[in-house]
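Residue numbers (the numbering used here), protein chains in the order written: chain W, 1 to 351; chain D, 1001 to 1798. Beta carbons: idealized from backbone N, C-alpha and C, even for Gly. Computed from a prediction, not measured in an experiment: that's the story for all the values here.
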Amino acid sequence: MHLSVRGLPFEVPVYSLTGDILAFQRCGLQYRYYNRSSLPPSRPVQLWTGEFIHGVLEEAFLYWRDHPNISFPWPCTVTPWPAPTVPQKREEYDLGVLGDRVEERLRASGKTPRSRVAREAAYKRINAAMSQLAPQLFPLIRNVEEKTSSTRLMPEISNPTIQTRRGDRYELTGRVDVISSVSLSEQQHNPLVQRILAESNDLSLGDIFDIVVDYKAARRPPIIALPGEKEYWKYEEWQVQTYAWLRGQQPHTPPIRAGILVYINELSPSAAELKEFKQELLKGCTDVQPINGSADYYALHIWQEGNPVPSFTSEFLLKRAIRLVAVDPANIEHAVAEIDKVINAGVKLSQ
Amino acid sequence: MGEALTMSMSYQEFQICVQAGEARFAQQWLNNNQDIAVSAPPSPPIFIVAGPGTGKTTVIALRALKLIFVDGFPPESIMATTFTRKAAKELRSRILAWGVATHQQASNCARNAGDQARIDWLSSLDINAIRTGTLDSLAEEMIEDDRQLGEITPTVIENFMSHGLLRRHVFYKDQRYKSDVLEKHLAGFNPQFPGVRGFAEKLKVCRSFADRILHDAVDLDRYAQASEGHRMLSEIIHDYHNHLQNSQLADFAMLENMVLERLKLGRLTTTIEKLKALLVDEFQDTNYLQEQIYYELCRRSKASLTVVGDDDQSIFRFRGATVEIFSNFARRIVQSLGDDWKPTRVDLTDNYRSTERIVSFSNHFITAEADYQAARSPGKQVGIPAASWAKDPSLNFPVLGMFRTSLEELNNDLCSFLGDIFRGNGYSIQVGGGKKLHLQRGANGDFGDAVLLAWKVGEENSSGKPRLPLLIRQKMKETYGVEVYNPRGRSLATIMEVAQCLGLLLECIDPEGRIQNTITSWRQDVPNCLNGWRKIARGFALSDPPPGGLQQFLSDWAERRANNMKAWPEEWPLLELMFTVITWIPFFQVSPEGQVYLEAISRAISEAAQISTYRSSILHGTAFDNQAIHELIREVFEPIAVGDVEVDEEIMPYVPHSNFPIMTIHQAKGLEFPLVIIDAGSDYRGDYAAQRRFRYPDNGSNEHVTESHVAAFSPIGSARIQRNDRQRAFDDIRRLYYVAKSRPQNALLLIGLTKQLGPKPKVLSIATGDLYGGGRSYNYTLASEWTVNSPANFVALI
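Below you can see the structure in the form of structure tokens.
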């Protein structure tokens, strides 16, 4: 008698657009060990900062939605670290209070800041985002952290092993903030709305559509990747298009016509980031630059490494921080095909 | 829903679409009872009693889809729960794969028919919106969805962390751990050898009792009044729960309790307003708290209810599972929710997994014990072999027995048996009537097609002597170059590569143990263990493992200075140091077991970061440098040394097919293997009292005595103690080995020592057929005397 051969369990694997796909694009090998094997991240700071910033902005938005009359900026009294003595008499919307809550949640899943310095930098950026970006962005947001998920056919595996998985599909998930065209119409004097309309010629306020918003705890990437660097400019555009595809699979939702990527670090750049910016300017591979002769132009060009980071105008910082991505069916199709390729590569690596 | 119903499909249309979308259903549709279970209307509740291999996951997945496509329920209104994360993943996979395929077929049909109304309705369905998971994961979602402004959603903590908090914030208070009153009280309901004397044991019992209090809805105030010991234990539990609550933390029992409380208060409206159908798999492993949650969800939402399970496979009593909830489901739900909820019962008996011989053997095992029949659901039916090949005489191998006089002999013969099958030309036996039977691997088959199932899979016994799993590991490696996958087999602290990793970490953070040596109040033999790791690490570093530079690395850490760094960082997370150190230990990167161990170590570090002041960081140049290291040693290294950190093998999605798996019967629940080897007594050299609870108990084990101890204070207590402690202990062992004996597809081998055989065996065990009232249900016969006509209870000895 021949024994049967044991197959692998039936599985429709789940991939998160942010947690898995981008992590894989960053480093395939690291992804295999730290994502698919459920290990805590090896570089907690990368994940911690991103999730911390998302988390605090979500908390802040929810609070603001119920208390729209509280004016910006909000207080930011950070709980000291590493030996915490909780500051007294903070407002319930103090960014330190909201941050404590998010930090606690992240700690529960093994994510802590790399160091006191990294934590301070994250709070500084949250503070900058809340004072510069939130007054324009919050009134436009309709939903925060909206869960989206859909199923796609598993790409053909070119070199299957003897034991092949039994599921023929995979599930893709993502979380996005959403702006509706209705809120754009209601806020036509909002500078951000004016910028969205100016940069997207084909958006008409008479149409019904949505825009997805995604925060990046990073600086604006160069439009052409430097040698040896990953093409984040392109990856992040694919990510927006794929969010649009995912959202398009949910019933009763208006089409996504654009995506906004918010590069939070640009609102409060570090010295190292300014140095990178200057190098990219020299190589002509970054898109948003200060106008020649402007105060921002001089602040940037006079600055030397080792000196304190100069002040820039809020207008310039916001311009660097916000990237608008046009969404259309052809771009979506191209992007999800690219994501399929990533899944295929990931599947092969994990077998 | 009214509008949806008019657009929805008939059951016949649904069947056509499922069959067209999924090849396996095109070949064969459901059997009659499966079809009844799937097609039943949303109410009254359906109670599906499903024996092993009868396709219950298929039925529950298709029923969920039928509720969408035929009854018009929106996908987001359906919630399906099961017992383990692994089972939940499989259930979701099936629902999604079949649901999307069915949806596509239905859309094609509607387009071909030009039925615009149905096209529109179908396009409004999002199959991914079905909620699936364990009750714990769904409870987390429900609480998160219910979050009010300014309300902090509690952070859910795992076992290791809850132990740490109980120890740190409750146990040390007033030196409770030293109390004679407490020790005596705990011993009263934990009679099992070796008793409750040490700190770790007391902590474990109290932690488990904290769950019991919530799972069984024990009236803690009334309990406290019974004696001084009762009072002290109830204060500990009370303080533990209070501490978590005040810190915005919750363990899983608290989380579920929070769900029940909020349901009773009319909260969780997001969930209730949406919920139209609740499907519960593995209902036999439900505890009282979970049962109340399910009933309360139904009461509030009037959802359609489907429960599936098998009381004969209830094996998680130690986690609070209460099989009587399943056995008495029909009566209990009516008592709770009224006559409208009287369920329709459907029994699934057609077994598609195993050969006729194996189905008959497991049927015999579960029905042979007269005393056990009173514990089963009334009217239980036996399994029927139903796979197309199940009755093929050429595929019906006898159930085999391999019993030897010594462990070494057993190991040698077992490994030869496996080697013949998976590396040789097959294993042949001469049976009665001059026939020769031959067992060999399938095309491209490998050791992963077999499994060794045992109650315990530890590789050494309590005296440090090797057990069968260790001997198999060594022999397999030596003879066939085959790896064994048994991550639960060894204590983390004793694994060479783990010792290298932990020793290197210790040498980095605390060179030569300067801070370690200032600690005086150690638990157990921790300093020896830590020093052992250090010694192993120093030896490892001297061997200059690739990629090289380890000694320099240790020396840089010792001096907190490195050539390539301007200044040593003020903070360095231990987790990051660990990921650096493992670059010298490839085992953690290439071995499946290595990855499981690595996950356990990194989890210990992450969880310690949640409770420790310095968040598992190594500080430098601050006033807290020494305290931070002191804390790391106490919160990370000491728990691993004393065995508090357990591995979680569920993290490994795939184990290489060439590895030979060894697993506990509990782990094997829900799985099937072509060849199953059951260890029915390789440890039983004599009739030792300490082993009886694993094979033929004299009385109840700790969990049975604990159930009786709290019975008077719990609403579920009286239902449990209808059978006495010893009977329940017997029932549990019978269920456990029934699960084991129903796992094989093609062949089953029982193994043990010869003291278990003979007309008057020296060692009795339920697994080998010994009965509660005396006597033995199995007939062990020489293989040469076995014939195809031998009855179901014949075991052919090889």
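Where the stretch 245-263 of chain W meets chain D: residues whose CB sits under 8 Å from a CB there: For the stretch 245-263 of chain W, which is checked against every Cβ of chain D, the residues closer than 8 Å are Q249, Q250, P251, H252.
W:E145 versus D:I1582 - alpha carbon distance: Taking the first residue of the first sequence as 1, we reach residue 145 of chain W at position 145. Taking the first residue of the second sequence as 1, we reach residue 1582 of chain D at position 582. Straight-line Cα distance between these residues: approximately 36 Å.
Cβ-based burial, D:A1690 [other Cβ within 10 Å; buried from 16]: For the purposes of this step, residue 1690 of chain D is identified with residue 690 of the second sequence, where counting begins at 1. Under a 10 Å Cβ-count criterion, D:A1690 is classified as exposed, with fewer than 16 other Cβ atoms of the shown protein chains found around its own Cβ.
Range of the contiguous alpha helix (DSSP H) that encloses D:S951: The structure shown does not extend to residue 951 of chain D, since chain D is modelled only from 1001 through 1798, so no value can be given for it.
Minimum Cβ-Cβ distance from D:P1573 to chain W less than 9 Å: Locating residue 1573 of chain D in the second sequence gives position 573, where the first residue counts as 1. At least one CB atom of chain W sits nearer than 9 Å to the CB of D:P1573.
Collapsed DSSP secondary structure at D:K1669 in the structure displayed: Residue 1669 of chain D sits at position 669 when you count from the first residue of the second sequence. Residue state, collapsed to three classes: coil.
Any C-beta of chain A under 9 Å from that of D:I1495: No chain A appears in this structure, whose protein chains are W and D.
Stretch-stretch touch, CB-based, cutoff 8 Å, three pairs: the stretch 1063-1075 of chain D with the stretch 1097-1107 of chain D: The stretch 1063-1075 of chain D vs the stretch 1097-1107 of chain D: in contact.
CB contact check: W:F10 to chain D, cutoff 9 Å: Along the first sequence, one-based indexing puts residue 10 of chain W at 10. Proximity of W:F10 to chain D, defined by a Cβ-Cβ separation below 9 Å, is satisfied.
Selection from D:C1206, D:H1243, D:R1743 that minimises the alpha carbon distance to D:S1234: Counted from its first residue, the second sequence places residue 1234 of chain D at position 234. Here the closest residue by C-alpha is D:C1206.
W:H2, DSSP secondary structure in three states: On the first sequence, position 2 is the one that residue 2 of chain W refers to. Reduced to three states, the DSSP call for W:H2 is strand.
Assigned exposure category for W:V117 - 16 Cβ within 10 Å defines buried: The residue labelled residue 117 of chain W in the question sits at position 117 within the first sequence. An exposed status is given to W:V117, since fewer than 16 other beta-carbon atoms sit within 10 Å of its beta-carbon.
Option nearest D:T1271 by Cα separation, candidates D:R1300, D:E1261, D:L1255, D:E1291: One-based indexing of the second sequence puts residue 1271 of chain D at position 271. Distance from the Cα of D:T1271 is smallest, within the candidate group D:R1300, D:E1261, D:L1255, D:E1291, for D:R1300.
Residue range of the alpha helix (DSSP H) that includes D:D1058: As a working note, residue 1058 of chain D is residue 58 in the second sequence. With the sequence shown as reference, residue 1058 of chain D is identified as Thr, and Asp is not the correct amino acid for it. Per DSSP, D:T1058 is one residue of the alpha helix (DSSP H) stretching across 1056-1069.
Rounded separation between D:L1550 and D:W1584 - CA only: Counted from its first residue, the second sequence places residue 1550 of chain D at position 550. Counted from its first residue, the second sequence places residue 1584 of chain D at position 584. The alpha-carbon atoms of D:L1550 and D:W1584 are separated by roughly 8 Å.
Contacting residues, own chain, Cβ-Cβ under 6 Å from W:D177 (five flanking each side not counted): What you label residue 177 of chain W is simply residue 177 of the first sequence in a count that begins at 1. Non-local beta-carbon contacts of W:D177 in its own chain, meaning distances under 6 Å to residues more than five positions away in sequence, involve I141, V144, V213 in chain order.
Given W:W238 as reference, the closest of W:N265, W:V336, W:R65 once Cα atoms are compared: By 1-based counting over the first sequence, the position of residue 238 of chain W is 238. Comparing Cα positions, the closest option is W:V336.
CA-to-CA distance, W:G7 to D:A1558, given in whole angstroms: The sequence position of residue 1558 of chain D within the second sequence is 558, counting from 1. The sequence position of residue 7 of chain W within the first sequence is 7, counting from 1. Rounded to whole angstroms, D:A1558 to W:G7 spans 50 Å at the Cα level.
Under the three-state DSSP convention, the category D:F1794 falls into: Here the question's residue 1794 of chain D lines up with position 794 in the second sequence. Looking at D:F1794 - three-state DSSP - the assignment turns out to be strand.
Proximity test, Cβ basis, 9 Å: W:S4 and chain D: On the first sequence, residue 4 of chain W is found 4 positions in, with the first residue counted as 1. Using a Cβ-Cβ cut-off of 9 Å, W:S4 counts as an interface residue toward chain D, since at least one Cβ of chain D sits closer than that to its own.
Burial state of D:W1533, where buried means 16 or more other Cβ atoms lie within 10 Å: The count along the second sequence starts at 1 and reaches residue 1533 of chain D at position 533. With 16 or more Cβ atoms within 10 Å of its Cβ, D:W1533 is classed as buried.
W:V117, enclosing beta strand (DSSP E) - first and last residue: For this step, residue 117 of chain W is matched to residue 117 along the first sequence. Bounds of any beta strand (DSSP E) do not take in W:V117; it lies within the alpha helix (DSSP H) bounded by 116-128.
Residues near W:V86 by beta carbon distance below 8 Å, same chain, minus five either side: As a first step, residue 86 of chain W is located in the first sequence; it is residue number 86 there, counting from the start. Within the same chain, Cβ atoms closer than 8 Å to the Cβ of W:V86 are found at T79, D100, the five residues on either side in sequence being excluded.
W:T164 to W:F52 span [Cα, whole Å]: Reading the first sequence from its first residue, position 164 is the one you call residue 164 of chain W. Reading the first sequence from its first residue, position 52 is the one you call residue 52 of chain W. Because W:T164 sits at a pLDDT of 47, beneath the cut-off of 50, its placement in the model cannot be relied upon, and the following sentence gives the value as read from the coordinates. Their Cα atoms are separated by approximately 38 Å.
Residue nearest to D:F958 in terms of C-alpha spacing, selected from D:L1748, D:S1714, D:R1692, D:T1706: Here chain D has residues from 1001 to 1798 only, and residue 958 of chain D is not among them.
Beta-carbon neighbours of D:L1675, restricted to chain W and to distances below 8 Å: The residue labelled residue 1675 of chain D in the question sits at position 675 within the second sequence. Residues of chain W whose Cβ lies closer than 8 Å to the Cβ of D:L1675 are, in chain order, L3.
Residues of the stretch 1602-1617 of chain D whose Cβ lies closer than 9 Å to any Cβ of chain W, in chain order: Shown in chain order are the members of the stretch 1602-1617 of chain D whose Cβ falls below 9 Å from a Cβ of chain W: S1602, R1603, I1605, S1606, E1607, A1609, Q1610, T1613, Y1614, R1615, S1616, S1617.
Residues that D:F1637 bridges to, as DSSP identifies them: Here residue 1637 of chain D is taken as the residue at index 637 of the second sequence, counted from 1. D:F1637 is not bridged to any residue.
For W:S158, the three-state DSSP class (helix, strand or coil): On the first sequence, residue 158 of chain W is found 158 positions in, with the first residue counted as 1. Annotation note: pLDDT 47 at W:S158 (below 50); position unreliable, no value reported.
Any C-beta of chain W under 9 Å from that of D:T1155: Here residue 1155 of chain D refers to the residue found at position 155 of the second sequence. For D:T1155, at least one C-beta of chain W is nearer than 9 Å to its own C-beta.
Straight-line gap, D:R1615 to D:Q1248 (C-alpha atoms, nearest Å): Stepping through the second sequence from its first residue, residue 1615 of chain D is reached at position 615. Stepping through the second sequence from its first residue, residue 1248 of chain D is reached at position 248. Those two C-alpha atoms are separated by around 18 Å.
DSSP three-state assignment for D:F1403, whether helix, strand or coil: For the purposes of this step, residue 1403 of chain D is taken as residue 403 along the second sequence, with counting starting at 1. Note: D:F1403 maps to strand in three-state DSSP.
Neighbour flag for W:T85 against chain D, beta carbons, 9 Å: Here residue 85 of chain W refers to the residue found at position 85 when the first sequence is read from its first residue. W:T85 does not count as touching chain D.
CB contact check: D:L1797 to chain W, cutoff 9 Å: Residue 1797 of chain D sits at position 797 when you count from the first residue of the second sequence. Output row for D:L1797: interface = no.
Start-end ranges of the alpha helix (DSSP H) lying completely within the stretch 1277-1330 of chain D, minimum 4 residues: Within the stretch 1277-1330 of chain D, the complete alpha helix (DSSP H) runs of at least 4 residues are 1288-1301, 1323-1327.
Any 3 or more C-beta pairs closer than 8 Å across the stretch 1728-1748 of chain D and the stretch 1764-1777 of chain D: Pairwise C-beta distances place the stretch 1728-1748 of chain D in contact with the stretch 1764-1777 of chain D, as three or more of them are shorter than 8 Å.
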